[in-house]
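There are 2 protein chains.
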Amino acid sequence: DPSGNGEECGEENILSGFKTTAVLKDSAREKTIFLHGKLDEQEAVVILQKTPITAASVAEMFACSKLKLEMRNDIYSTYHLQPPAHLNVLKATVVCPATEKHVKKYQVQESFLVEETGEDYLSITLPYIQEKSFSLQWVFNILEKKAEADRIVYEDPDPDVGFVLLPDFKWDQKQTHDLYLIAIVHQRDLKSIRELTAAHLPLLQNICTKGKEAILERYGLPASKLRVYFHYQPSYYHLHVHFTALASEAPGGGVERAHLLSDVVQNLRADGGFYRQRSLSFPLRADDGLLAKFQQAGRL
Amino acid sequence: DPSGNGEECGEENILSGFKTTAVLKDSAREKTIFLHGKLDEQEAVVILQKTPITAASVAEMFACSKLKLEMRNDIYSTYHLQPPAHLNVLKATVVCPATEKHVKKYQVQESFLVEETGEDYLSITLPYIQEKSFSLQWVFNILEKKAEADRIVYEDPDPDVGFVLLPDFKWDQKQTHDLYLIAIVHQRDLKSIRELTAAHLPLLQNICTKGKEAILERYGLPASKLRVYFHYQPSYYHLHVHFTALASEAPGGGVERAHLLSDVVQNLRADGGFYRQRSLSFPLRADDGLLAKFQQAGRL
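From first to last, the protein sequence lines are chains P and S. Residues 11 to 310 in our numbering are what the first sequence lists, from first letter to last. Residues 11 to 310 in our numbering are what the second sequence lists, from first letter to last.
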């Protein structure tokens with residue numbers, strides 16, 4: 011027992027035989043580590059994650075921990091605090107047997123910022139999207155109520171300015187401080203903000219007004235608590251708008267990928283060709299096929 | 011010993027007497043909790059923070075932990091993993107005695123999204139900035155080499171298009187994946203992007219080109235790995251540009267506050283009055299004096 015704390019190796023601890031071959035990702039901020047390795051001769055991915063500190067546990071933690079002073083300066087001091095083991099459990103997620111695809115999914119990927127001109131869109135990005143012809147069947151299923159119909163929070167069925175509003179899968183709907191909904195337009199030929207012109211202002215205004223109203227009514231969150239934006243590049247090429255709680259750091263809410271709906275409306279009002287002509291910057295992962303196309307075109 | 015693990019309350023554990031009166035902030039994502047309470051009859055703030063999982067510790071953690079199956083589904087399974095206490099230390103930071111100001115600093119604050127028109131800037135924001143006359147002495151000290159001169163990474167001394175580039179205090183300069191530098195302009199009368207016109211394009215181009223060159227030379231990071239942006243509202247009203255590593259989720263990099271330098275340049279090229287006339291959205295904390303001004307003006 012190397013700890014000297016009276017701990018014993020757990021019985022039936024199948025992870026005790028796990029041999030790490032690579033650290034796929036090490037997220038210091040989130041206290042999570044993603045490991046690739048072997049478990050009983052099989053490929054496996056193991057994710058170790060420290061758990062949040064609950065308010066309910068701190069009294070016992072303070073009462074019964076070992077404390078070691080690290081630094082003291084005026085009114086500030088820092089300590090190492092070693093709580094009893096049962097108050098400090100981690101979450102382990104195991105994928106076994108893991109395929110190459112699982113390993114790649116968790117691997118940290120370098121990203122590169124690409125600056126796409128209007129011409130780059132027509133000569134590089136649009137042909138790539140058309141060539142890949144990503145399936146949008148799941149989007150059409152939602153719009154046609156063939157799937158997820160019970161999840162719809164609001165719908166305006168108008169074919170031109172209408173949309174369906176429903177919770178994003180990343181949101182567990184248990185609290186509004188991380189609210190995340192998606193508005194998917196009924197129009198089927200709009201791939202992304204690149205294709206928006208002044209003709210789409212009624213659609214955008216409608217999503218802005220009715221989306222915010224529906225969220226206020228259903229969740230009690232006013233417009234001043236919302237971040238409403240597009241992604242460019244989007245993760246699928248059917249126009250949709252993200253509604254996230256301002257209080258949460260939404261994934262994909264960074265300035266390098268997100269475009270506020272209110273800015274898009276203003277830009278199109280001032281110049282209907284704004285999104286056809288302007289250079290747009292966005293990050294692409296090293297394994298993204300579109301990055302290869304930009305590299306082949308000598309644009310990176 | 012409630013844990014049954016043979017732990018004993020640490021001797022000289024001054025935190026054992028801490029009585030929590032309020033949870034100031036509970037950051038589940040970062041596994042950190044901020045508490046306000048009493049320590050020996052004195053006001054105190056205690057921050058408990060789980061520590062990152064190091065690759066070096068996982069072998070011992072796997073070999074000698076208790077494991078409890080939580081869920082199994084096909085190739086996926088999740089467990090509770092209880093490592094020996096010594097492998098699972100927290101960091102505790104104590105501020106004692108703590109003033110009202112300390113408590114407020116750590117308290118989570120509601121934020122509200124404000125949409126500021128060009129007129130709002132002139133009638134609400136600018137008078138507020140002038141009334142408060144925030145001190146910029148520390149900025150002038152840097153520009154005049156009276157402070158932090160040894161931290162300067164690059165300088166263009168030109169009074170019109172020149173700037174000083176130096177690391178932000180949030181960056182420990184130990185690795186480039188969280189690189190964070192600030193370019194502070196030598197011009198003294200530019201408060202923020204609100205005051206930029208086409209006349210400032212040479213300044214912005216110069217910062218963009220020479221800032222990126224200096225970072226490539228010193229840190230080996232090319233422009234495609236950088237996020238270069240302004241904040242609006244900024245945290246101080248002397249024009250400055252943030253250079254952060256694309257790989258890091260920079261605090262304040264969200265679309266609701268950040269404006270890419272490349273977009274600012276394009277916008278000013280197309281319309282020199284862009285930043286004087288457009289509505290700009292930004293979040294304000296509930297305790298921000300500027301929010302009160304917008305509320306008094308009936309703009310929220």
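Heads up, the beta-carbon is just placed ideally off N, CA and C, and yes, glycines get one too. All of these numbers come straight from a predicted model, not from anything done at the bench.
Please report how far the alpha carbon of residue 127/S lies from the alpha carbon of residue 272/P, in whole angstroms. 12 Å
Just the Cα atoms here: how many angstroms apart are residue 52/P and residue 87/S? 15 Å
With a threshold of 16 other CB atoms inside 10 Å of the CB of residue 14/S, please say whether the residue is buried or exposed. A caution first: residue 14/S carries a pLDDT of 37, below 50, which makes its placement in the model unreliable, though a value can still be read off. Exposed: under 16 other Cβ atoms inside 10 Å.
With distances taken between CB atoms, is the gap from residue 192/P to residue 182/P smaller than 8 Å? no
Checking 8 Å against the spacing of the C-beta atoms, do residue 231/P and residue 189/P come in under that value? For residue 231/P and residue 189/P, yes; Cβs fall inside 8 Å.
Integer Cβ distance of residue 256/S from residue 121/P, believed to fall under 8 Å: 6 Å
Would you report the Cα separation of residue 196/P and residue 169/P, rounded to the nearest angstrom? 6 Å
Start and end of the beta strand (DSSP E) containing residue 136/S? Looking at the DSSP string, residue 136/S is not in any beta strand (DSSP E); the run it does join, the alpha helix (DSSP H), is 136-142.
For residue 81/S, write down the residues that DSSP places opposite it in a beta bridge. 88/S
Within the 8 Å Cβ cut-off, does residue 20/P reach chain S? In this prediction, residue 20/P scores a pLDDT of 40, lower than 50, which makes its location untrustworthy; no coordinate-derived value is stated.
Just verifying my parser: in three-state terms, what is the DSSP assignment at residue 162/S? coil
For residue 254/P, count neighbouring Cβ atoms within 10 angstroms of its own Cβ and tell me buried if that reaches 16, exposed if not. buried
Grouping DSSP H, G and I as helix and E and B as strand, with all else coil, what is residue 39/S? coil
Where residue 67/P sits in the DSSP three-state scheme: helix
Should residue 260/P go down as buried or exposed, given a rule of 16 or more other Cβ atoms within 10 Å for buried? buried
Beta-carbon neighbours of residue 121/P, restricted to chain S and to distances below 7 Å: 256 and 257
Mapping the DSSP letters down to three states, classify residue 276/S as helix, strand or coil. helix
Which value, in whole angstroms, describes the spacing of the CA atoms of residue 173/S and residue 212/P? 44 Å
My understanding is that residue 106/P touches residue 32/P, with C-beta atoms under 8 Å, so please give their C-beta distance in whole angstroms. 15 Å between Cβ atoms; not a contact.
Have a look at residue 250/S and residue 46/S and give me their C-alpha separation to the nearest angstrom. 35 Å
Residue 99/P, enclosing beta strand (DSSP E) - first and last residue: Careful: residue 99/P lies outside any beta strand (DSSP E) and carries neither H nor E.
Which residue's Cα is closest to the Cα of residue 162/S: 108/S, 184/S, 221/S and 76/S? Out of 108/S, 184/S, 221/S and 76/S, 221/S has the C-alpha closest to the C-alpha of residue 162/S.
Range covered by the alpha helix (DSSP H) that runs through residue 292/S: Segment 290-295 is the beta strand (DSSP E) holding residue 292/S; no alpha helix (DSSP H) there.
Which residues in the same chain as residue 214/S place their Cβ atom closer than 7 Å to its Cβ, once the five residues preceding and following it in sequence are excluded? 271, 274 and 275
I need the DSSP call for residue 304/P, collapsed to helix, strand or coil. Helix, per DSSP.
Exposed or buried, what is residue 144/S when buried is set at 16 or more other beta-carbons lying within 10 Å of its beta-carbon? By the neighbour-count rule (16 or more Cβ atoms within 10 Å), residue 144/S is not buried but exposed.
Let's see if you can read the secondary structure: which residues bound the beta strand (DSSP E) around residue 217/S? Note, residue 217/S: premise wrong, no beta strand (DSSP E); alpha helix (DSSP H) at 211-229.
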